[in-house]
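Chains A and B are the protein sequences, given in the same order.
Our numbering puts the first residue of the first sequence at 18, with every later residue one more than the last.
Our numbering puts the first residue of the second sequence at 1124, with every later residue one more than the last.
Cβ atoms here follow ideal geometry from the backbone N, Cα and C, with glycine treated the same way.
Here the structure is a predicted model, which is why all the values come from computation and not from measurement.
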Amino acid sequence: MAVQTVISDQVLAAAERLIVEMRSGNEHQAAQALDELVRAREVSLFQELGKLTREFHDALAGFRVDSRVSDMAEKDIPDARERLNHVITMTQNAADRTMSAVEHSFPLVEDIANVAVNLRAQWQRFQKREMNAQEFRELAKSIDVFLGTTETKSADLKSKLNDVLMAQDFQDLTGQIIKRVITLVEDVEANLVNLIKLSSNKAVPVNTHPEYHESIKAEGPVVPGVVTHGAVAGQDAVDDLLSSLGF
Amino acid sequence: MKILIVDDFSTMRRIIKNLLRDLGFNNTAEADDGNTALPMLKSGDFQFLITDWNMPGMQGIDLLKAVRADDKLKTLPVMLVTAEQKREQIVAAAEAGVNGYIVKPFTAATLKEKIDKIFARIEAAA
């Protein structure tokens, strides 16, 4: 560095003079040369220290401007926590909904199966001509009842299977939420890497995901506790908005 | 009627496919984003497109715009089924010429209602 070279030349000149004056036995001049040496050294040290302080200040200021670290700590990390909590709630609800549908369906299938086993035994007796007219009339009545209940229970079962099907929508919605949290984690990682580089004075602007703040891009599902500006409240509000637009 | 279902999550595609089958629509095909869907639409004889918005690659809104910009496809009925529900997004979808907009999570009844409405309107216009 240029400043250092100038100072080194001064120091070198003072040192050479110091040796010359000492050899000549000029104590006073030698002391002056020594003082000059010490001063030059002090100036160099203060200049270096000043420069370092300025660089450190600039780097810190630049880091604050370039990065989203404080944004992340204040807003995005709590948001991510809400999002992940919402994921837990959604998976819990989906599991509950599925289990309820399954628990409701088991007795339906068991009832149909039990009555079918019983009817089959009687039907076999009829085929072997072991049944009298009164018993056959009762069998015919049982079959009629069975067909009726089977129809009702099948419809019930179908509706429960539909519940199980619809409960799986959590996978899409939680997947979208988790993808957003992954994006945030990547941004945090990039900023931490930058912080480490900063300590070796190699900070570079962090390329965080720009789409994060663009409004017309996809935002993912609305999460309770996370403010989404401009979101409408559900299908009815969407329908109202569309009909106001002439739909 | 031949329907193309576009969503990056296979679970959602299967849900929609099963609901459509229950409504009597058995002829469906699937794609996982706009980039895959567009060539399928151009080469196939689809009569209805159901698409998600938020997908990697080409998003649903861009697929909708690409469909409207294509001479062969521009009259294809398009329904968005999406978790996106910001006011300006819905307005943007309407401006791009969407025929229906369903917000996730939705019910089987909502899907039926919106499909019926879309085709009733198309029939009335014909």
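Per-residue contacts from residue i into chain B (C-beta, under 7 Å)
i, result
"A/G242", "The premise fails here: A/G242 is roughly 16 Å from chain B at the closest Cβ pair, so nothing lies under 7 Å."
"A/E236", "E1207, K1209"
Contact set for residue i: own chain, Cβ-Cβ below 8 Å, skip 5 residues either direction
i, result
"A/L156", "L136, Q139, W140, F143, M148"
"A/A47", "L35, E38, M39"
"A/S261", "none"
Proximity of residue i and residue j at Cβ, strictly below 8 Å
i, j, result
"B/K1165", "B/K1195", "yes"
"B/I1225", "B/K1235", "no"
"A/H103", "A/I199", "no"
"A/D96", "B/K1227", "no"
"B/W1160", "B/T1151", "The question names Trp, but residue 1160 of chain B is Ala in the sequence shown. Their beta carbons are not under 8 Å apart, which means B/A1160 does not touch B/T1151 by this criterion."
"B/A1217", "A/L259", "yes"
"B/A1206", "A/G237", "yes"
"B/D1131", "B/M1178", "yes"
"A/D180", "A/A118", "yes"
"A/A32", "A/L215", "no"
"A/V205", "A/R100", "no"
Of the listed residues the options, nearest to residue i (C-alpha basis)
i, options, result
"B/A1232", "B/I1126, B/P1179, B/L1146", "B/L1146"
"A/Q27", "A/N43, A/A50, A/E44, A/Q46", "A/A50"
"A/A30", "A/L178, A/H45, A/R58", "A/R58"
"B/D1193", "B/A1206, B/P1162, B/R1137", "B/P1162"
"B/V1221", "B/A1206, B/L1199, B/A1249, B/D1156", "B/L1199"
"A/G192", "B/T1134, B/N1158, B/F1169", "B/T1134"
"A/M116", "A/M183, A/E206, A/I129, A/I160", "A/M183"
"A/N131", "A/T167, A/T108, A/A235", "A/T167"
"B/N1158", "B/V1201, B/A1249, B/I1213, B/L1186", "B/L1186"
Integer Cβ distance of residue i from residue j, believed to fall under 8 Å
i, j, result
"B/I1241", "B/G1223", "5 Å"
"A/Q252", "B/F1171", "Contact doesn't hold; Cβ gap of about 20 Å is too wide."
"B/K1140", "A/G247", "Wrong, their Cβ atoms sit about 32 Å apart, outside the cutoff."
"B/F1169", "B/L1127", "5 Å"
Minimum Cβ-Cβ distance from residue i to chain D less than 8 Å
i, result
"A/D96", "Protein chains A and B are contained in the structure displayed, whereas chain D is not."
Chain-ordered neighbours of residue i on chain B, where CB pairs are closer than 8 Å
i, result
"A/T245", "K1209"
Close-in-space but distant-in-sequence residues of the same chain around residue i (CB under 6 Å, 5 per side omitted)
i, result
"A/Y229", "A caution first: A/Y229 carries a pLDDT of 45, below 50, which makes its placement in the model unreliable, though a value can still be read off. Same-chain partners within the cutoff: there are none."
"B/K1197", "R1191"
"A/K92", "none"
Cut-off 7 Å between Cβ atoms - residues of its own chain near residue i, not counting five sequence neighbours on either side
i, result
"A/P241", "H103"
"A/H121", "K177"
"B/I1184", "W1176, A1215, A1216, A1219"
"A/F123", "none"
Neighbour list for residue i in chain B, Cβ cutoff strictly below 9 Å
i, result
"A/Q185", "T1134, M1135, R1137, I1138"
Chain-ordered neighbours of residue i on chain A, where CB pairs are closer than 9 Å
i, result
"B/V1201", "Simply none; closest approach about 13 Å."
Chain-ordered neighbours of residue i on chain A, where CB pairs are closer than 7 Å
i, result
"B/A1217", "L259, L262, F264"
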